[in-house]
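**Q** If you're matching them up, the sequences are chains A and B in order. The numbering of the first sequence is this note's numbering, which starts it at 1 and goes up by one. The numbering of the second sequence is this note's numbering, which starts it at 1001 and goes up by one. Dumping the structure here so I can ask a few things about it.
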Amino acid sequence: MIVEIGHFALVLALALALLQSVVPIVGARRDDAALMAVGGPIALAQLTFVGLSFAALTYAYVISDFSVANVYENSHSLKPMLYKVTGVWGNHEGSMLLWVLILALFGASVAVFGRNLPASLKANVLGVQGWITVAFLLFILVTSNPFIRMNPAPFEGQDLNPILQDIGLAIHPPLLYLGYVGFSISFAFAVAALIEGRIDAAWARWVRPWTLAAWIFLTAGISMGSYWAYYELGWGGWWFWDPVENASFMPWLLGTALLHSAVVMEKRNALKIWTVLLAILTFSLSLLGTFLVRSGVLTSVHAFATDPARGVFILMILCVFIGGSLTLFAARAAQLTQGGVFAPVSREGALVLNNILLTASCATVLVGTLYPLALEGVTGEKISVGAPFFNLTFGPMMIPLLMAVPFGPYLAWKRGDVLGASQRLMVAFAAAIVATLVAFYLTSGGPVLAALGVGLAAWLIVGAFSELVTRARFREAGLATGLRRLAGLPRAAFGTAVAHAGLGVTLLGIVGVSTLQVENILVMTPGQTATIGRYEVTFDSAETRRGPNFTELVAHMTARKDGEVVAKMDPAKRLYTARQMPTTEASIVTHGFSQLYVTLGEESERTDQLVVRMFDKPMVTLIWLGSLVMMAGGLLSLSDRRLRVGAPKPARAASAAPVAAE
Amino acid sequence: MAMTRKTRRLTLIGTVGVVLSAAVGLTLYGLSGQIALFKTPTDLAEAGAEPGQRLRLGGLVKDGSVNRGADTTVAFEVTDTVNHVRVTYTGLLPDLFREGQGVVTEGVLDANGVFRADTVLAKHDETYMPKEVVDALKAQGVWEGDGAGKPAAATPVSAPATSDPAKLTN
């Protein structure tokens, strides 16, 4: 009964979404306040019904109701409760429901937090949100209904794919979707602006917090997914340039560009047309990502769907939204007047360079991801475009961008002074040289690229923070005044510095692990000790154990560094009984920022031998810690007073932000 | 020195041009050299391969062909049931590498016709077969429909209770 209520709630949500997609927009056209005001309550009601529907499906998973086909296919009565719940979105139908739930959540947030938006803009934004919701609710109800019953009901379920039975799955997809779907708000704002044919700096101020929030979630989702793949798949890699990863990385690249171009628009009223186009393209790439992952075009871990009807449906959604919004853009873009002019060397110029490089590198990722599909579609020839291609194309595009990052905040608006900025960056430059030399010395003349990479990372980190120090004018004003000035800087300035430094931290991790990692694969017998990098690992014994829904072969090992015991390690090979599916459970010891990573291979000819793969991964955790720092920067920026949408404006903010008064 | 509107525009166009041509150049170079063509054992038997050319070889792991050496080197044969190619690989095999299962290996064919793989990809779960392998087997006419290549032992004990098994092997 509860399952049927869930189904019914979803149908009601579709009806509401249809209303939402028509009424507020008609209201905005006729300038009818009553019709425009309908959007908000509908968005809230829609969130309620989609939430109800999601709760009903979760309930079916929790009580293991195997009469529901979706539960039967993806759950098992013995599965731990946490994975029963996370299993709700560990499959195609459930994850699409989560997608729509998050879409409804964002729609409702605009309704709640968007109180200070002009009525017509808010109505149009909610209307556009309504179109997206209609499309995806139809997709679920027509092709991917999670509430289909089975008769007779089976006694036991088929269990969830064991790779997905992990805490990572509890967090990764919701975060990723919060990012993907969050960009729908930027898209809706862009399309609403095109419908109105009017756009100003205030528009950028309203869009920025939503874009920033989506960007923070997407950053979290991508880095979480990267760490999950790293420890769960047992391959020891943290990024595979897999099409599914690229699908989430492309919106991140363009979303990052959008964040920066919106700054220019907000402060200088320039780059309007470009910002609107970026907002459309970013969400288009989110939709493309959804299509690639959900249609089964690519067959990989994430592609649960193999039904072509679904692929065609999402492709239609893709064409309608991307084609429609770009057509609207082409028709209306000329009406959007361009604002402030600026010299090529200026803050605006630096942000334009950022946009050009990010967009071009995103395009290379797009080509590498779609080219094999296109080639196979046209000629039937099959190729694989893997890491070598992306390292060759994406890497060189990133280097000038990373080198330019510290200059940006030092350049003045309208017209900047490269020479002055360079002089102020002398400290960062010195730090970079020292870091390069130290790295070169420590690796005893090791790979030059590694040393240069470390230098670039130091350049980013020191360069980011030296800007704050310069702005606080410590040198002229002394420590006390300097600190007071520092505390008085807007949070957004700290946000920029922290996010840019986070980029440096991630780069440091990437350079460290890709140039200094040591790998060893060998056959071991109990009692044997092997050396890996800075560690010695002893294989003590092996045993077979039973878990709730798996059996496993565990190897007990002791890791030592300079003769002292660092950790006990228990890598394992698991066999999940319901699906007869083996998985590798890596054992990972974190030591400072480095990790020792041990996995088991197949049993050798003799049963007392095991194939063991060991990695010493220096600085690897910095990759993900850096993304946490970037997110912290985003949060700092989001907490900046001037971006708090809906908060009552104190008098002080009004003088600090004259643009809002327009 | 004040810049005219025209110089400003030219600078912008120039920058975009430089970055775009760098991106296009890198992409074209990458696509010409850094990609791997997919071949079946029959393709190799008929046309061979240029020495040193990176390839992806796909097919089924031939029954009884897996030979684990004393160290971590493994030798096996990849077959499309018509022709087969000997493959050597040093390293850990994927969790679902089994005889009779679909596999994609990436590497280089040596002068003796042995494929030296540096990467071995197997299915991620028991219902997934690498797409290239499915297509190649279909082209050879030996594809046995969805679920083919799944050994009896790997079938879940609880048999599907609906009349539409295709829906359940999602």
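All C-beta atoms in this analysis are idealised placements derived from N, C-alpha and C, irrespective of residue type, glycine included.
#1: Please identify, using Cβ separations under 7 Å, the residues of the segment 1033 to 1061 of chain B that lie next to chain A, in order along the chain.
#2: Given this structure, state the Cα-to-Cα distance separating residue 141(A) from residue 175(A), to the nearest angstrom.
#3: Does residue 340(A) come within less than 8 Å of chain B when only Cβ atoms are used?
#4: Quick one: what's got a C-beta closer than 8 Å to residue 302(A)'s C-beta in the same chain, skipping five residues either side?
#5: Tell me, please, whether the segment 138 to 155 of chain A touches the segment 310 to 317 of chain A by the rule of three or more beta-carbon pairs shorter than 8 Å.
#6: Apply the 10 Å Cβ neighbour rule to residue 250(A) and answer buried if 16 or more other Cβ atoms are within range, or exposed otherwise.
#7: Three or more C-beta pairs under 8 Å: does that hold for the segment 606 to 617 of chain A against the segment 513 to 528 of chain A?
#8: So with Cβ pairs under 8 Å, would you call residue 1012(B) a contact of chain A?
#9: State the DSSP-derived secondary structure class of residue 1043(B), mapped to helix, strand or coil.
#10: For my contact list, residue 663(A) and residue 287(A) are in at a C-beta cut-off of 8 Å; report their separation, rounded to the angstrom.
#11: Counting C-beta neighbours from all protein chains within 10 Å, is the total for residue 397(A) 16 or more, i.e. buried, or is it exposed?
#12: Take the Cβ of residue 129(A) as the centre, count every other Cβ of all protein chains shown within 10 Å, and call the residue buried at 16 or more, exposed below.
#13: Excluding five sequence neighbours on each side, which residues of the same chain lie with their C-beta closer than 7 Å to the C-beta of residue 629(A)?
#14: Between the segment 345 to 369 of chain A and chain B, which residues of the former have CB atoms less than 8 Å from a CB of the latter, in chain order?
#15: Count the CB pairs spanning the segment 248 to 264 of chain A and the segment 277 to 287 of chain A that are closer than 8 Å, and state whether there are at least three.
#16: Check whether the Cβ of residue 1019(B) lies closer than 8 Å to any Cβ atom in chain A.
#17: List the residues of chain B that residue 397(A) touches, going by C-beta distances under 9 Å, in chain order.
#18: Provide the residue(s) that pair with residue 1074(B) in DSSP beta bridges, ordered along the chain.
#19: What does residue 230(A) touch in chain B if you count any residue whose Cβ is under 9 Å from its own?
#20: Does the Cβ-Cβ distance between residue 67(A) and residue 1056(B) come in under 8 Å?
#21: Evaluate residue 381(A) with the Cβ neighbour count: other Cβ atoms within 10 Å of its Cβ, from every protein chain shown; 16 or more gives buried, anything less gives exposed.
#22: Looking at chain A, is there any beta carbon in it that lies within less than 8 Å of the beta carbon of residue 1072(B)?
#23: If you draw a straight line from the alpha carbon of residue 252(A) to that of residue 276(A), how long is it in whole angstroms?
#24: Can you have a look at residue 1118(B) and say buried or exposed, based on whether 16 or more other CB atoms are within 10 angstroms of its CB?
#25: Give me the Cα-Cα distance between residue 116(A) and residue 39(A), rounded to the nearest whole angstrom.
#26: At a Cβ cut of 9 Å, what residues of the segment 1093 to 1108 of chain B count as close to chain A, listed as they run along the chain?
#27: Please confirm whether residue 572(A) and residue 559(A) have their CB atoms less than 8 Å apart.
#28: Measuring alpha carbon to alpha carbon, tell me which residue in 552(A), 437(A) and 92(A) is nearest residue 575(A).
#29: Under three-state DSSP, which class holds residue 519(A)?
#30: Straight-line CA distance for residue 579(A) to residue 55(A)?
#31: Among residues of its own chain, excluding the 5 on either side of residue 544(A), which ones have a beta-carbon nearer than 6 Å to its beta-carbon?
#32: Spell out whether any CB of chain C is found under 8 Å from the CB atom of residue 1064(B).
#33: On the premise that residue 172(A) lies in contact with residue 224(A), defined as a C-beta separation below 8 Å, what is that separation, rounded to the nearest angstrom?
#34: I'd like to check one pair, residue 273(A) with residue 1019(B): are the Cβ atoms closer than 8 Å?
#35: Do residue 529(A) and residue 538(A) have their C-beta atoms within less than 8 Å of each other?
**A** Let me spell this out:
#1: Within the segment 1033 to 1061 of chain B, the residues whose Cβ lies closer than 7 Å to some Cβ of chain A are 1034, 1035, 1036, 1037, 1038 and 1056, listed in chain order.
#2: Here the alpha carbons of residue 175(A) and residue 141(A) stand approximately 24 Å from one another.
#3: Taking Cβ atoms only, chain B never reaches closer than 8 Å to residue 340(A), which makes this a no.
#4: With a pLDDT of 40 at residue 302(A), under the threshold of 50, the modelled position of that residue is not reliable, and the figure given next carries that caveat. Excluding the 5 residues flanking it on each side, residue 302(A) has same chain C-beta neighbours closer than 8 Å at 244 and 293, in chain order.
#5: Contact between the segment 138 to 155 of chain A and the segment 310 to 317 of chain A is established, with three or more Cβ pairs separated by less than 8 Å.
#6: Residue 250(A) is buried by the Cβ-count criterion.
#7: Two segments are said to touch when three or more pairs of C-beta atoms, one from each, lie closer than 8 Å; by this definition the segment 606 to 617 of chain A touches the segment 513 to 528 of chain A.
#8: Yes, residue 1012(B) counts as interfacial toward chain A.
#9: In the structure shown, residue 1043(B) sits in a helix (DSSP, three-state: H, G or I).
#10: Summary: the structure shown does not reach residue 663(A), with chain A confined to residues 1 through 662, and so no result is reported for it.
#11: When all chains shown are included, residue 397(A) counts as buried.
#12: Its Cβ being crowded by 16 or more others within 10 Å, residue 129(A) is buried.
#13: Correct list, in chain order: 498, 501, 502 and 505.
#14: When CB distances to chain B are screened at a threshold of 8 Å, the residues of the segment 345 to 369 of chain A falling below it are 352, 353, 356, 357, 360, 361, 363, 364, 367 and 368, in chain order.
#15: As far as the Cβ criterion goes, the segment 248 to 264 of chain A touches the segment 277 to 287 of chain A, which means the pair count is three or higher.
#16: It does; some Cβ of chain A falls within 8 Å.
#17: Under the 9 Å cutoff, chain B gives 1019, 1022, 1023 and 1026.
#18: Per DSSP, 1068(B) and 1089(B).
#19: Under the 9 Å cutoff, chain B gives no residues; its nearest Cβ is about 15 Å from residue 230(A).
#20: No. Outside cutoff.
#21: Residue 381(A) comes out exposed.
#22: Between residue 1072(B) and chain A, the shortest Cβ-Cβ separation is below 8 Å.
#23: Cα to Cα, residue 252(A) sits roughly 16 Å from residue 276(A).
#24: Counting the other Cβ atoms within 10 Å of the Cβ of residue 1118(B) gives fewer than 16, which makes it exposed.
#25: Just so you know, the alpha carbons of residue 116(A) and residue 39(A) end up roughly 15 Å apart.
#26: Correct list: 1093, 1094, 1095, 1096, 1097, 1104 and 1106.
#27: No.
#28: Closest option to residue 575(A), Cα to Cα, is 552(A).
#29: Residue state for residue 519(A) is assigned as strand, using DSSP reduced to three classes.
#30: Note on geometry: alpha-carbon atoms of residue 579(A) and residue 55(A) lie some 27 Å from one another.
#31: Result list for residue 544(A): 553, in chain order.
#32: The displayed structure is made up of protein chains A and B, and chain C is not among them.
#33: Between residue 172(A) and residue 224(A) the Cβ distance is about 5 Å, and since that is below 8 Å, they are a contact.
#34: Not closer than 8 Å, so no.
#35: In contact: residue 529(A) and residue 538(A) (Cβ atoms closer than 8 Å).
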